[in-house]
Amino acid sequence: SQTIHQWPATLVQPVGSPLSLECTVEGTSNPNLYWYRQAAGRGLQLLFYSVGIGQISSEVPQNLSASRPQDRQFILSSKKLLLSDSGFYLCAWRAAPGQGDSPLHFGNGTRLTVT
Amino acid sequence: GENVEQHPSTLSVQEGDSAVIKCTYSDSASNYFPWYKQELGKGPQLIIDIRSNVGEKKDQRIAVTLNKTAKHFSLHITETQPEDSAVYFCAAADFPFTGNQFYFGTGTSLTVIP
Numbered sequence: 052s053q054t055i056h057q058w059p060a061t062l063v064q065p066v067g068s069p070l071s072l073e074c075t076v077e078g079t080s081n082p083n084l085y086w087y088r089q090a091a092g093r094g095l096q097l098l099f100y101s102v103g104i105g106q107i108s109s110e111v112p113q114n115l116s117a118s119r120p121q122d123r124q125f126i127l128s129s130k131k132l133l134l135s136d137s138g139f140y141l142c143a144w145r146a147a148p149g150q151g152d153s154p155l156h157f158g159n160g161t162r163l164t165v166t
Numbered sequence: 177g178e179n180v181e182q183h184p185s186t187l188s189v190q191e192g193d194s195a196v197i198k199c200t201y202s203d204s205a206s207n208y209f210p211w212y213k214q215e216l217g218k219g220p221q222l223i224i225d226i227r228s229n230v231g232e233k234k235d236q237r238i239a240v241t242l243n244k245t246a247k248h249f250s251l252h253i254t255e256t257q258p259e260d261s262a263v264y265f266c267a268a269a270d271f272p273f274t275g276n277q278f279y280f281g282t283g284t285s286l287t288v289i290p
């Protein structure tokens with residue numbers, strides 16, 4: 052069966068520091084991968100998605116970037132964090148179109164607090 | 177693109193009562209409608225989904241109904257229990273969707289009062 056791992060679970064970082072959040076998926080190949088952000092008490096905002104290695108689409112221009120160095124690895128980064136980057140970051144995956152109907156499956160998220 | 181609206185934003189029910197959450201969508205091409213439950217501090221988990229060729233689907237105490245003509249779908253939870261307290265999200269997609277074509281509602285915070 053497929054599993055998704057996100058780490059760290061919580062993170063407190065000062066303003067201006069760099070960020071690296073990692074997500075890996077097991078049990079599937081060539082998944083579509085997603086990064087979402089959720090502000091406190093708010094909905095799900097899509098930040099980036101990837102349909103393959105090195106292929107990143109950005110949904111919201113901002114202080115963050117994403118990379119997909121390996122098929123099942125998705126990384127969210129920032130060179131200099133802002134206070135407004137605080138939030139709950141969720142990684143998600145789905146099977147690529149053509150590999151069967153698949154909804155989005157989410158990891159358990161990273162709670163980022165920028166101080 | 178698709179626009180998914182979800183109501184109510186908050187809902188409180190007594191334990192044992194039923195809870196209903198409603199969503200509407202705008203794109204008639206959407207054909208897949210999942211529901212997610214998000215417990216505090218966790219990621220959303222898929223609890224039930226329905227395709228457009230089906231009008232209703234049940235799984236124990238939860239059910240989803242779909243009205244394609246009116247473009248709305250609903251989540252029904254019967255005999256609610258305190259562990260049903262969570263945020264629920266609806267979504268719509270045009271399977272087999274690609275990339276970013278998976279649209280979420282804004283969420284409903286359900287509280288079940290013991």
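Residue numbers (this note's numbering), protein chains in the order written: chain A, 52 to 166; chain B, 177 to 290. Glycine included, each C-beta is placed from N, C-alpha and C at the ideal position.
Starting from the C-beta of A:Ser109, find all residues in its chain whose C-beta is less than 7 Å away, skip the five residues before and the five after it, and write them out in chain order. If you number the first sequence from 1, residue 109 of chain A lands on position 58. Excluding sequence neighbours, A:Ser109 sits near Phe99.
What first and last residue would you give for the beta strand (DSSP E) that runs through A:Pro120? Locating residue 120 of chain A in the first sequence gives position 69, where the first residue counts as 1. Counting along the chain, the beta strand (DSSP E) containing A:Pro120 begins and ends at 116-121.
Run of the beta strand (DSSP E) containing B:Asp235, from where it starts to where it stops: The residue you call residue 235 of chain B lines up with position 59 of the second sequence. It spans 232-235 - the beta strand (DSSP E) in which B:Asp235 sits, taken as one unbroken run.
In the DSSP assignment, find the beta strand (DSSP E) that holds B:Leu216 and state where it starts and stops. If you number the second sequence from 1, residue 216 of chain B lands on position 40. Here B:Leu216 belongs to no beta strand (DSSP E), and DSSP marks it neither H nor E.
Interface residues of chain B facing A:Gly103 [CB-CB closer than 7 Å]: For this step, residue 103 of chain A is matched to residue 52 along the first sequence. The premise fails here: A:Gly103 is roughly 11 Å from chain B at the closest Cβ pair, so nothing lies under 7 Å.
A:Gly158 burial status per 10 Å Cβ neighbour count (16 or more: buried): Reading the first sequence from its first residue, position 107 is the one you call residue 158 of chain A. So A:Gly158 ends up on the buried side.
Give the interface partners of A:Phe157 over in chain B, defined as CB-CB distance under 8 Å, in chain order. As a first step, residue 157 of chain A is located in the first sequence; it is residue number 106 there, counting from the start. Chain B residues near A:Phe157: Tyr212, Gly219, Pro220, Gln221.
Enclosing beta strand (DSSP E) for A:Asn81 [first to last residue]: As a position in the first sequence, residue 81 of chain A is number 30, starting the count at 1. Per DSSP, A:Asn81 belongs to no beta strand (DSSP E) and is neither H nor E.
Of the choices A:Phe139, A:His156, A:Gln106, A:Leu95, whose alpha-carbon is the least far from that of A:Thr171? Chain A is shown only over 52 to 166; residue 171 of chain A falls outside these bounds and no answer can be derived.
Which residues in chain A have a C-beta closer than 7 Å to the C-beta of B:Pro184? List them in chain order. For this step, residue 184 of chain B is matched to residue 8 along the second sequence. Ordered by position in chain A, no residue passes the 7 Å Cβ test against B:Pro184, which lies about 14 Å from the chain.
Does A:Pro82 come within less than 8 Å of chain B when only Cβ atoms are used? Position 31 of the first sequence, counted from the first residue, corresponds to residue 82 of chain A. Cβ-Cβ to chain B under 8 Å: no for A:Pro82.
Are the region 79-91 of chain A and the region 138-149 of chain A in contact at 8 Å, needing three or more beta carbon pairs? yes
Cross-chain neighbours of A:Ser108 in chain B, by beta carbon under 9 Å: As a first step, residue 108 of chain A is located in the first sequence; it is residue number 57 there, counting from the start. Result: Gly275, Asn276.
Flag this pair as yes or no: are the beta carbons of B:Phe265 and B:Tyr212 separated by less than 8 Å? Counting from one through the second sequence, the residue named residue 265 of chain B turns up at place 89. Counting from one through the second sequence, the residue named residue 212 of chain B turns up at place 36. Contact flag set, yes.
Indicate whether A:Gln172 and A:Gly160 have their beta-carbon atoms separated by less than 8 Å. Shown here, chain A extends from 52 to 166; a query on residue 172 of chain A therefore has no answer.
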